[in-house]
Amino acid sequence: MFMQIDNLKVHYPVRGGFFNTVVDHIHAVDGISMEFDKGNSYGLVGESGCGKSTTGKSIIGLEKITSGKIIYEGEDVTNKRRDRKSAYNRDIQMIFQDSHSSMNPRKRVQDILAEPIRNFLNLSPQEERKRINELLAIVGMPEDSKVKYPHEFSGGQKQRLGIARAMATNPKLIIADEPVSALDLSVQAQVLNFMKDIQNEYGLTYLFISHDLGVVKHMCDHISIMYKGRFVETGETKEIFEQPKHIYTKRLLSAIPDVSPNGREERKRERINVETHYQKEHKLSFDENGRVFDLVKVSNTHFVAESPKVKEVI
Amino acid sequence: MKTTDELLRIKNLHTGFRIKDTYFDAVDNVSLTLRKNEILAIVGESGCGKSTLATSIIGLLDRNNTRIEGEILYKDTNLANMTEDELNNIRGLDISMIFQDPLSALNPLMRIGDQIEESLVYHTELSKNERKERVIELLQQVGISNPKRVAKQFPHQLSGGMRQRVIIAIAISCKPQIIIADEPTTALDVTIQAQILDLLIDLQNETGAGIILITHDLGVVAEVADRVAVMYAGEIIEEAPVDELFNNPKHPYTRSLFNSIPQLSQDSTRLNVIEGIVPSLMNLPRSGCRFSSRISWIPEEAHEDNPTLHEVSPGHFVRCTCWKHFHFKSELGGNQHVHAD
Numbered sequence: 001m002f003m004q005i006d007n008l009k010v011h012y013p014v015r016g017g018f019f020n021t022v023v024d025h026i027h028a029v030d031g032i033s034m035e036f037d038k039g040n041s042y043g044l045v046g047e048s049g050c051g052k053s054t055t056g057k058s059i060i061g062l063e064k065i066t067s068g069k070i071i072y073e074g075e076d077v078t079n080k081r082r083d084r085k086s087a088y089n090r091d092i093q094m095i096f097q098d099s100h101s102s103m104n105p106r107k108r109v110q111d112i113l114a115e116p117i118r119n120f121l122n123l124s125p126q127e128e129r130k131r132i133n134e135l136l137a138i139v140g141m142p143e144d145s146k147v148k149y150p151h152e153f154s155g156g157q158k159q160r161l162g163i164a165r166a167m168a169t170n171p172k173l174i175i176a177d178e179p180v181s182a183l184d185l186s187v188q189a190q191v192l193n194f195m196k197d198i199q200n201e202y203g204l205t206y207l208f209i210s211h212d213l214g215v216v217k218h219m220c221d222h223i224s225i226m227y228k229g230r231f232v233e234t235g236e237t238k239e240i241f242e243q244p245k246h247i248y249t250k251r252l253l254s255a256i257p258d259v260s261p262n263g264r265e266e267r268k269r270e271r272i273n274v275e276t277h278y279q280k281e282h283k284l285s286f287d288e289n290g291r292v293f294d295l296v297k298v299s300n301t302h303f304v305a306e307s308p309k310v311k312e313v314i
Numbered sequence: 001m002k003t004t005d006e007l008l009r010i011k012n013l014h015t016g017f018r019i020k021d022t023y024f025d026a027v028d029n030v031s032l033t034l035r036k037n038e039i040l041a042i043v044g045e046s047g048c049g050k051s052t053l054a055t056s057i058i059g060l061l062d063r064n065n066t067r068i069e070g071e072i073l074y075k076d077t078n079l080a081n082m083t084e085d086e087l088n089n090i091r092g093l094d095i096s097m098i099f100q101d102p103l104s105a106l107n108p109l110m111r112i113g114d115q116i117e118e119s120l121v122y123h124t125e126l127s128k129n130e131r132k133e134r135v136i137e138l139l140q141q142v143g144i145s146n147p148k149r150v151a152k153q154f155p156h157q158l159s160g161g162m163r164q165r166v167i168i169a170i171a172i173s174c175k176p177q178i179i180i181a182d183e184p185t186t187a188l189d190v191t192i193q194a195q196i197l198d199l200l201i202d203l204q205n206e207t208g209a210g211i212i213l214i215t216h217d218l219g220v221v222a223e224v225a226d227r228v229a230v231m232y233a234g235e236i237i238e239e240a241p242v243d244e245l246f247n248n249p250k251h252p253y254t255r256s257l258f259n260s261i262p263q264l265s266q267d268s269t270r271l272n273v274i275e276g277i278v279p280s281l282m283n284l285p286r287s288g289c290r291f292s293s294r295i296s297w298i299p300e301e302a303h304e305d306n307p308t309l310h311e312v313s314p315g316h317f318v319r320c321t322c323w324k325h326f327h328f329k330s331e332l333g334g335n336q337h338v339h340a341d
């Protein structure tokens with residue numbers, strides 16, 4: 001375990017009234033804890049608006065943290081996340097969903113890739129050029145692409161350049177926020193394969209944020225299901241898919257279309273079944289404010305948010 | 001199949017876009033039929049021409065910059081030759097469309113009820129009160145629990161799933177024979193997606209309409225479609241009933257697509273990658289097998305010079321002959337002796 005997130009909270013103030021005072025808070029992320037081991041992939045899954053992207057952004061420092069701690073290699077880095085001198089800033093990098101809008105359209109690829117290098121590594125111009133060539137080789141792009149502009153590349157190529165930029169400082173953890181959801185199937189496969197390859201080669205840790213359970217299952221060893229800013233269930237990929245405990249997880253799993261038309265009638269019945277269960281047991285699964293309960297241990301790795309009153313899981 | 005069941009017949013449709021005074025066909029020689037009570041899925045990656053096909057049917061393309069050739073026969077009339085006025089009498093009444101992004105398809109300044117009423121005003125002779133009743137009825141039909149309140153609300157007050165339900169209510173308001181759904185669930189969460197798809201099927205069972213479902217998501221196709229057409233670079237490369245296509249895919253492109261999906265039910269470490277990229281509209285090879293450049297390890301003799309659709313089993317059509325000799329690159333060559341047949 002090289003990094004730990006402890007009871008992270010991000011609340012947004014809601015202003016209103018005559019003096020535009022703070023009248024309420026939106027609890028975008030409401031007390032989540034995670035631990036990261038080296039070389040593993042962690043998935044963060046949930047529907048839109050559940051706070052998964054906010055979690056990613058607050059870890060890297062693009063979002064203010066209301067309370068909670070981020071501990072990186074034994075050191076509390078909660079307030080050092082934007083500090084250029086801190087190792088944390090160099091070791092945690094991010095890949096964005098829309099690679100097109102995350103790159104400056106007026107800069108050439110070599111300048112885009114040089115930016116993190118200039119920020120964090122003190123390299124001479126020759127060394128910098130060498131490093132850029134290395135990076136392009138890592139993501140399998142030809143060397144002449146460094147004098148091109150982002151718009152000259154296809155979606156998959158741009159996403160690979162995004163990965164190259166994240167790799168520039170030899171990071172330990174890469175936060176990937178929906179890295180493939182804007183891509184076509186065959187290109188998606190290419191990027192996913194490639195992310196796995198560099199993970200094996202460089203011992204990277206991924207925090208994979210996605211709404212696509214198929215992709216997350218393929219990529220991750222450990223999955224957390226998020227709902228309303230809290231985890232409803234977290235565990236090893238196998239545990240989540242084979243023994244889902246929480247009704248919300250079951251509902252999410254039953255809604256995913258299977259790529260086979262065989263038995264789709266049964267799946268539909270099952271889906272409706274789970275949905276009625278979900279409606280009926282909504283009160284049991286969440287507290288009176290609709291908040292998700294605290295996590296309860298099921299096995300060493302598997303935790304589920306369960307009412308302290310109802311021990312029986314359906 | 002009886003011919004009376006046929007709702008729509010597309011024959012040799014070419015839709016071309018003008019780029020610097022030359023027309024490039026984005027839909028190239030597509031023939032399809034849609035039958036009553038059927039969901040026909042059209043699948044393909046971005047840029048394969050599936051949305052262009054849909055917009056050609058309903059006549060939403062800019063006529064100054066596009067060229068449509070071929071026949072789109074609906075009730076023995078050719079939609080491709082119709083004037084804008086004639087089309088207006090068919091759109092919404094006989095053929096309607098469901099769009100991908102429900103927010104941009106709705107007018108932000110009009111109340112939901114008024115937007116649904118619009119096509120009723122145009123196509124029916126109901127009185128004002130009857131129209132209002134019908135609006136409430138429609139909202140109920142698409143599963144909105146408090147229709148009276150929703151009818152008075154504006155689009156921004158509704159969630160994504162609710163908005164898509166409203167779009168569907170508009171689409172079915174005049175009981176159309178044909179519904180074209182262009183990526184109806186792509187912008188929605190999986191749980192909402194499941195609900196909307198179930199709703200579409202239920203509505204179809206009630207009305208018996210034919211649905212053309214355009215999507216890139218093979219999971220969605222497997223859940224709802226009856227028949228599937230796979231498009232690549234403007235052409236249909238494979239067409240089959242859904243069970244046949246998923247259990248017995250033939251064309252190399254279809255098989256490659258299936259292999260590149262990260263599936264829930266299997267543990268594979270590597271996904272299949274299709275080599276190369278989809279050629280752009282201007283650089284499409286207009287002769288020979290269009291997929292050949294992406295399966296370069298298959299010898300050239302395996303392809304037809306002028307690939308056509310061949311019926312390999314009843315209702316299952318595959319373009320070109322290269323599927324007979326196809327194997328994935330990672331597999332060893334299964335058929336070393338290639339005969340040009």
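Just so you know, the protein sequences line up as chains A and B, in that order. Here the working numbering is used: position 215 in the first sequence is 215, and no number is missing along the way. Here the working numbering is used: position 233 in the second sequence is 233, and no number is missing along the way. We put the beta carbon where it would ideally sit given N, CA and C, even for glycine.
Which of helix, strand or coil DSSP assigns to residue i
i                 : result
THR185 of chain B : coil
ARG255 of chain B : helix
HIS218 of chain A : helix
GLU275 of chain B : coil
VAL298 of chain A : coil
LEU309 of chain B : strand
LEU103 of chain B : helix
GLN93 of chain A  : strand
VAL45 of chain A  : strand
ASP177 of chain A : strand
ARG290 of chain B : coil
THR367 of chain B : Because chain B spans 1 through 341 in this model, residue 367 of chain B falls outside it and cannot be assessed.
ILE98 of chain B  : strand
ASN20 of chain A  : coil
LYS148 of chain B : helix
ILE261 of chain B : coil
Pairwise C-alpha distance: residue j and residue i
i                 : j                 : result
GLU239 of chain B : ARG227 of chain B : 7 Å
ASN107 of chain B : PHE99 of chain B  : 13 Å
ILE236 of chain B : ARG163 of chain B : 32 Å
ASN200 of chain A : GLY39 of chain A  : 8 Å
ASN252 of chain B : LEU218 of chain B : Sequence check: residue 252 of chain B is Pro here, not Asn. One C-alpha to the other measures close to 16 Å.
ILE136 of chain B : ARG251 of chain A : 30 Å
ILE179 of chain B : ASP114 of chain B : 21 Å
ASN104 of chain A : LYS146 of chain A : 14 Å
VAL273 of chain B : GLY155 of chain A : 15 Å
LEU87 of chain B  : ILE201 of chain B : 27 Å
ALA171 of chain B : GLY59 of chain B  : 16 Å
PHE241 of chain A : THR301 of chain A : 14 Å
VAL43 of chain B  : TYR149 of chain A : 32 Å
SER41 of chain A  : GLU288 of chain A : 34 Å
ARG129 of chain A : PHE96 of chain A  : 24 Å
HIS327 of chain B : CYS320 of chain B : 15 Å
GLU133 of chain B : ILE90 of chain B  : 23 Å
CB-CB length for residue i against residue j, believed under 8 Å
i                 : j                 : result
GLY43 of chain A  : HIS222 of chain A : 7 Å
ILE138 of chain A : LEU113 of chain A : Incorrect: roughly 11 Å between the Cβ atoms, too far for contact.
ALA169 of chain B : ILE116 of chain B : 5 Å
GLY68 of chain A  : ARG82 of chain A  : Not confirmed; about 16 Å, so no contact.
VAL292 of chain A : ARG230 of chain A : 4 Å
ASP98 of chain A  : HIS216 of chain B : About 17 Å separates the two Cβ atoms, so there is no contact after all.
Residues that residue i bridges to, as DSSP identifies them
i                 : result
ASP25 of chain B  : B:GLY16
ILE39 of chain B  : B:ILE211
LYS245 of chain A : DSSP output for LYS245 of chain A lists no bridge partner at all.
ALA305 of chain A : A:LEU295
TYR72 of chain A  : A:MET3, A:GLU75
PHE231 of chain A : A:MET226
LEU8 of chain B   : B:LEU34, B:TYR74
Chain C contact residues for residue i, given Cβ-Cβ distances below 9 Å
i                 : result
GLU223 of chain B : This model lacks chain C altogether, as its protein chains are A and B.
- Okay, do the stretch 34–54 of chain B and the stretch 217–236 of chain B touch, 3+ Cβ pairs below 8 Å being the bar? The answer is yes - the stretch 217–236 of chain B touches the stretch 34–54 of chain B, with three or more Cβ pairs under 8 Å.
- Query: Are the stretch 155–173 of chain A and the stretch 85–100 of chain A touching by the rule of at least three beta carbon pairs closer than 8 Å?
  - Reply: At 8 Å Cβ cutoff, the stretches touch.
- Item | Given 8 Å, three or more beta-carbon pairs between the stretch 57–73 of chain B and the stretch 149–161 of chain B | At 8 Å Cβ cutoff, the stretches do not touch.
- Would you check if the stretch 281–301 of chain A and the stretch 281–289 of chain B touch, i.e. whether three or more CB-CB distances between them fall below 8 Å? Touching, no.
- Item | Three CB pairs or more closer than 8 Å across the stretch 275–287 of chain B and the stretch 20–30 of chain B | These segments touch.
- Task: Assess, as a yes-or-no matter, whether the stretch 255–265 of chain A is touched by the stretch 187–201 of chain B under the definition of 3 or more beta carbon pairs within less than 8 Å.
- Result: Flag = yes, the stretch 187–201 of chain B and the stretch 255–265 of chain A touch.
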